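*Asks:*
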Amino acid sequence: MVSGAIGGFLDVAFNFNTQAMLDDNLLGQFFRIGWKMVMLGDETWLKLFPGLFKRHDGVSSFYVKDTVQVDQNVSRHLGDELSRDDWNLLILHYLGLDHVGHIGGRSSVLMVPKLKEMDDMVKLIHSSTTLSQGNDQGRMLLMIVSDHGMTENGNHGGSSYEETDSLALFIGLRNHVLDYASVIQQIDIAPTLALLFGVPIPKNNVGVLIKEAFDSLKEEQHLRALELNSWQLLGLLQAQLSGLPCRNFPCDAFSDHQIAGTSECYHRTEDMLCCLYMEAAALYSSWKSKRGTESASNKDYSSTAAAYYKFLKSASEWLSRRSTDKPVKLLAVGLATMFISCVILSSLMFCRVREIYLGRRQQSLNDSMNGWSLDDTFILGVILILVTSMGSSSMVEEEHYIWYFVTSTFYLLLLRKTAQSFSSVGVKSGEGYFGMCFTFLLLISGRILRGWHQGGVNWTSLPDISKCLEQAGSHYVKLLQLVSAFLVISIGVFALFSIQFKQKYFQMVRLSFLTSGLLVLLHITRYQDYTFSSTNYGATLLAQIVYAILGAATIGTVVALPWFFPFPTFNSCPTDNTLSPPSFFHGIQEKFPFVELRDSLYVIGWAYILCWCLLQLLLQQPINSTPILLLLVQILASMLYFASNGTHHKEWIEIAALYYLGMAGHFALGNSNTLATIDVAGAFIGLSSHSTLLSGILMFIITYASPMFILLSLVMYISMKNMAHLVIPEKADAGDLLMMMIGFPCLVPLVVNSILLTAYTVVLLLMRNHLFVWSVFSPKYLYVCATTLCTYIGVFIVAATGTYTHLVLAMRRRKQVPITNNTR
Numbered sequence: 027m028v029s030g031a032i033g034g035f036l037d038v039a040f041n042f043n044t045q046a047m048l049d050d051n052l053l054g055q056f057f058r059i060g061w062k063m064v065m066l067g068d069e070t071w072l073k074l075f076p077g078l079f080k081r082h083d084g085v086s087s088f089y090v091k092d093t094v095q096v097d098q099n100v101s102r103h104l105g106d107e108l109s110r111d112d113w114n115l116l117i118l119h120y121l122g123l124d125h126v127g128h129i130g131g132r133s134s135v136l137m138v139p140k141l142k143e144m145d146d147m148v149k150l151i152h153s154s155t156t157l158s159q160g161n162d163q164g165r166m167l168l169m170i171v172s173d174h175g176m177t178e179n180g181n182h183g184g185s186s187y188e189e190t191d192s193l194a195l196f197i198g199l200r201n202h203v204l205d206y207a208s209v210i211q212q213i214d215i216a217p218t219l220a221l222l223f224g225v226p227i228p229k230n231n232v233g234v235l236i237k238e239a240f241d242s243l244k245e246e247q248h249l250r251a252l253e254l255n256s257w258q259l260l261g262l263l264q265a266q267l268s269g270l271p272c273r274n275f276p277c278d279a280f281s282d283h284q285i286a287g288t289s290e291c292y293h294r295t296e297d298m299l300c301c302l303y304m305e306a307a308a309l310y311s312s313w314k315s316k317r318g319t320e321s322a323s324n325k326d327y328s329s330t331a332a333a334y335y336k337f338l339k340s341a342s343e344w345l346s347r348r349s350t351d352k353p354v355k356l357l358a359v360g361l362a363t364m365f366i367s368c369v370i371l372s373s374l375m376f377c378r379v380r381e382i383y384l385g386r387r388q389q390s391l392n393d394s395m396n397g398w399s400l401d402d403t404f405i406l407g408v409i410l411i412l413v414t415s416m417g418s419s420s421m422v423e424e425e426h427y428i429w430y431f432v433t434s435t436f437y438l439l440l441l442r443k444t445a446q447s448f449s450s451v452g453v454k455s456g457e458g459y460f461g462m463c464f465t466f467l468l469l470i471s472g473r474i475l476r477g478w479h480q481g482g483v484n485w486t487s488l489p490d491i492s493k494c495l496e497q498a499g500s501h502y503v504k505l506l507q508l509v510s511a512f513l514v515i516s517i518g519v520f521a522l523f524s525i526q527f528k529q530k531y532f533q534m535v536r537l538s539f540l541t542s543g544l545l546v547l548l549h550i551t552r553y554q555d556y557t558f559s560s561t562n563y564g565a566t567l568l569a570q571i572v573y574a575i576l577g578a579a580t581i582g583t584v585v586a587l588p589w590f591f592p593f594p595t596f597n598s599c600p601t602d603n604t605l606s607p608p609s610f611f612h613g614i615q616e617k618f619p620f621v622e623l624r625d626s627l628y629v630i631g632w633a634y635i636l637c638w639c640l641l642q643l644l645l646q647q648p649i650n651s652t653p654i655l656l657l658l659v660q661i662l663a664s665m666l667y668f669a670s671n672g673t674h675h676k677e678w679i680e681i682a683a684l685y686y687l688g689m690a691g692h693f694a695l696g697n698s699n700t701l702a703t704i705d706v707a708g709a710f711i712g713l714s715s716h717s718t719l720l721s722g723i724l725m726f727i728i729t730y731a732s733p734m735f736i737l738l739s740l741v742m743y744i745s746m747k748n749m750a751h752l753v754i755p756e757k758a759d760a761g762d763l764l765m766m767m768i769g770f771p772c773l774v775p776l777v778v779n780s781i782l783l784t785a786y787t788v789v790l791l792l793m794r795n796h797l798f799v800w801s802v803f804s805p806k807y808l809y810v811c812a813t814t815l816c817t818y819i820g821v822f823i824v825a826a827t828g829t830y831t832h833l834v835l836a837m838r839r840r841k842q843v844p845i846t847n848n849t850r
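Okay, so the sequence shown: first residue is 27 according to this note's numbering, each after it adds one.
1) Would you check if the distance between the CB atom of residue 426 and the CB atom of residue 477 is smaller than 8 Å?
2) Is it true that the CB of residue 439 sits closer than 8 Å to the CB of residue 401?
3) Kindly list the residues whose CB is nearer than 7 Å to the CB of residue 240, restricted to its own chain and excluding five residues on each side of it in sequence; keep chain order.
4) Could you check how far apart the C-beta atoms of residue 851 and residue 152 are, in whole angstroms? I think they sit under 8 Å.
5) For residue 538, which residues of its own chain have a beta-carbon under 6 Å away from its beta-carbon, when the five flanking residues on both sides are left out?
6) Does residue 128 come out as helix, strand or coil in the three-state DSSP assignment?
7) Cα separation between residue 633 and residue 656?
8) Would you check if the region 817 to 829 and the region 761 to 777 touch, i.e. whether three or more CB-CB distances between them fall below 8 Å?
9) Which residues in the same chain as residue 287 place their Cβ atom closer than 7 Å to its Cβ, once the five residues preceding and following it in sequence are excluded?
10) Just mark residue 46 as buried or exposed, buried being the case when its beta carbon has 16 or more other beta carbons within 10 Å.
11) Let's test the definition: count the other Cβ atoms within 10 Å of the Cβ of residue 464 and tell me whether it reaches 16, buried, or not, exposed.
12) Does the region 537 to 552 come into contact with the region 486 to 493, if we say contact requires no fewer than three beta-carbon pairs (one atom in each stretch) closer than 8 Å?
13) Per DSSP, what kind of secondary structure is residue 174 in: helix, strand or coil?
14) For residue 684 and residue 766, what's the separation of their Cα atoms in angstroms?
15) So, is residue 300 buried or exposed, given that buried needs 16 or more other C-beta atoms within 10 angstroms?
16) Around the C-beta of residue 625, are 16 or more other C-beta atoms found within 10 angstroms, so that it is buried, or is it exposed?
17) Go through its chain and collect everything with a Cβ distance to residue 195's Cβ below 6 Å, but skip five positions before and after it.
18) Alpha carbon to alpha carbon, how far is residue 711 from residue 27? Give it in angstroms, no decimals.
19) Does the region 300 to 311 touch the region 330 to 339, meaning 3 or more C-beta pairs lie closer than 8 Å?
20) Tell me whether residue 208 is buried or exposed, calling it buried when 16 or more other Cβ atoms sit within 10 Å of its Cβ.
21) Please list the terminal residues of the continuous alpha helix (DSSP H) segment that includes residue 401.
22) Could you spell out where the beta strand (DSSP E) holding residue 83 opens and where it closes?
23) Buried or exposed: where does residue 789 fall if 16 or more other Cβ atoms within 10 Å of its Cβ makes it buried?
24) Kindly identify the DSSP beta-bridge partner or partners of residue 369.
25) Provide the residue span of the beta strand (DSSP E) that contains residue 197, from first to last.
26) From the DSSP output, read off the bridge partner residues of residue 117.
27) Note down the Cα distance separating residue 764 from residue 378, rounded to an integer number of angstroms.
28) For residue 695, does the three-state DSSP call read helix, strand or coil?
29) Measuring CB to CB, does residue 830 end up less than 8 Å from residue 742?
30) Ends of the alpha helix (DSSP H) at residue 253?
31) Report all residues from its chain with a CB closer than 6 Å to the CB of residue 510; omit the five preceding and five following residues, and keep chain order.
32) Using the three-state DSSP reduction, which class does residue 168 fall into: helix, strand or coil?
33) Taking all protein chains shown into account, do 16 or more other C-beta atoms lie within 10 angstroms of the C-beta of residue 129, making it buried, or fewer, making it exposed?
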């Protein structure tokens with residue numbers, strides 16, 4: 027609005043670390059002519075324009091829990107500033123209305139009082155300016171503008187009507203327009219204000235002056251403003267189009283016969299823009315020559331103004347599109363790098379598959395694991411479906427339907443395979459019954475998750491479970507939140523206490539997670555409300571305590587557990603209550619600490635899962651507590667199914683299925699491929715002031731709760747996976763054993779993500795001129811890049827945890843200093 031330039035989606039990220047604006051802008055122009063400026067409100071203005079304000083009082087715009095102080099900090103100065111006459115420009119940036127939207131949405135109980143408060147401020151300013159103008163203190167313009175709208179949930183960042191419908195109200199122009207309603211672009215504000223106040227238009231402006239703002243001016247002044255705006259846009263056109271045939275001729279260089287010939291040069295864009303400008307300039311020259319004579323008419327003025335607006339609109343649209351053009355060659359280099367990375371990862375995975383399953387085939391083990399099954403075809407077909415759907419804007423907007431279909435269909439295939447196994451030789455009936463129970467549990471919980479949020483873009487207004495609960499009343503949401511949190515905490519704490527490891531160190535770990543769970547319940551009960559989050563100091567302190575305890579307990583478990591885990595004697599057999607492998611690995615156990623490695627990873631895996639669940643219960647919206655419980659149920663059911671039926675599925679199939687489950691859960695939590703669904707309010711829980719780094723981390727944790735949940739659970743998957751079907755070479759060393767355990771859990775997510783990232787990059791390059799490139803494809807690409815970051819972080823945690831635990835246990839085995847095992 028101050029530079030007239032087109033913003034980009036990366037501005038969303040840059041806004042969290044605002045730097046000084048170097049582009050030519052209105053405030054810089056005002057400062058150069060000696061204007062005194064005062065700013066009250068959002069401190070972003072101070073970061074964008076340092077040193078330009080005579081007085082200022084800024085507040086953080088990102089601490090969205092504050093809906094009162096941010097506005098009071100502005101209003102308390104208002105009376106004093108309105109009584110002064112030592113400033114030329116007063117900027118008041120009220121943040122409370124935006125914060126109310128982020129916290130409670132359009133229907134928040136705080137919305138009506140906040141709107142009434144804004145009405146009172148406008149009334150106060152208008153009354154004061156009317157009085158000052160009556161005292162001959164000069165004309166004054168009051169401009170009320172909002173930079174964005176909001177969805178029903180109170181978020182913004184997309185391109186829906188609700189998000190782009192904003193206000194621009196000019197009071198004090200003294201025009202007599204009967205119809206005040208018109209549609210303008212935000213970039214039109216910069217040239218309008220510049221011409222109204224007589225300063226140069228910002229150099230990179232691509233906007234067009236607002237016609238209604240100049241209706242009160244004389245014809246000569248209006249046409250002069252149009253000419254200046256045209257010259258400025260023509261300069262940008264000449265910079266972009268070096269072969270532009272027209273120049274900035276003086277207006278009297280055109281004659282009437284040139285006007286008649288302009289319609290013949292509309293073949294190329296350059297010719298069309300040049301002709302439009304020359305036609306407008308010629309008409310203006312003709313109007314000036316007739317001014318003051320009898321031949322002058324209002325029709326000449328109207329024709330000249332219409333010709334200028336036609337050129338300005340065409341030039342603005344072309345420059346707006348041009349400003350988003352990117353160097354294709356440079357993008358092609360990046361795409362080639364992605365493709366090479368994708369090929370390398372896929373080759374590593376193919377080699378791993380070939381090494382394992384060719385070894386099985388040579389030893390004639392379980393032919394069903396060596397063949398190509400329906401499960402394998404479906405998992406690979408999913409990738410093809412996803413890649414194909416990326417070229418459709420509608421499929422990108424409604425991507426959640428694909429993930430819901432994929433997960434439901436795959437687990438139906440598992441149900442079919444489990445049912446067929448009842449008649450198979452060598453399959454225990456109890457194992458089959460448990461498998462069917464786990465599959466039914468997955469299907470039921472998945473159906474509830476699909477109906478919890480009506481996601482996507484086009485059908486968000488349709489009824490869903492969350493809307494029904496919200497309409498029923500906040501007490502129902504609160505009750506369901508407490509029940510879900512209690513069940514999640516109970517499952518996690520029960521799992522930790524059921525592990526027969528009685529050393530004092532692990533007792534402290536159990537107590538830490540139990541304490542964190544109780545504190546989360548206390549935070550939910552006392553401080554969390556469905557309508558808005560509390561800014562109470564106690565709530566912030568309590569959340570900070572939870573962060574500290576969870577961090578210390580989780581990191582302590584990962585770092586210290588391998589050093590304290592008890593070694594069994596070599597001649598003792600593991601009991602049934604451990605996760606130890608079958609006798610197939612007893613020979614390996616004499617060389618490597620295989621049993622201890624799996625049991626250690628099982629404990630660490632539970633620590634990761636419980637820590638992540640408690641964080642989500644603390645940070646997510648209250649309505650999302652039940653989906654967190656259902657995601658936990660799905661993960662545990664999948665783990666138990668794969669552990670009990672592991673010999674019937676290839677390992678990479680199981681991990682791919684878990685990855686797909688995480689993506690389906692991502693959309694089930696209310697996320698979409700638009701920036702409007704990002705939960706900003708939760709990113710400030712536990713923060714007493716704004717921190718770009720900390721709030722960004724919390725926002726990432728909230729948004730990618732489900733994908734990261736799945737990746738962290740792979741640590742426990744490694745410990746529970748039945749590896750009796752694997753063939754271990756006689757000369758296998760510690761590295762081979764480690765690769766056998768963590769190879770697929772690390773490679774499969776990387777390969778799937780790499781394929782989707784590369785494919786969507788190709789789609790985005792092909793669609794760079796598409797009508798919906800900014801509203802659909804670009805936001806989706808930001809999500810794809812963020813998903814890539816999430817995947818690499820999760821895989822790094824899995825790989826680092828497995829490698830560190832293995833190295834510590836192997837070193838302890840070599841030194842033969844085992845801790846006495848008093849639990850077995």
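Beta carbons are placed, not taken as given, at the ideal position from N, Cα and C, and that holds for glycine.
Small disclaimer: the values here were computed from a predicted structure and weren't measured.
*Replies:* Reading off the structure:
1) no
2) yes
3) 248, 251
4) Within the shown structure, residues of the chain are numbered from 27 to 850, placing residue 851 beyond reach of any answer.
5) 575, 579
6) helix
7) 18 Å
8) yes
9) With a pLDDT of only 46 at residue 287, under the threshold of 50, the placement of this residue in the model should not be trusted; the figure read from the coordinates follows. Excluding sequence neighbours, residue 287 sits near nothing in its chain.
10) exposed
11) buried
12) no
13) coil
14) 19 Å
15) buried
16) buried
17) 170
18) 32 Å
19) yes
20) exposed
21) 400 to 415
22) 81 to 85
23) buried
24) Bridge partners of residue 369: none, in fact.
25) 194 to 197
26) 65
27) 13 Å
28) coil
29) no
30) 245 to 266
31) 651, 652, 655
32) strand
33) buried
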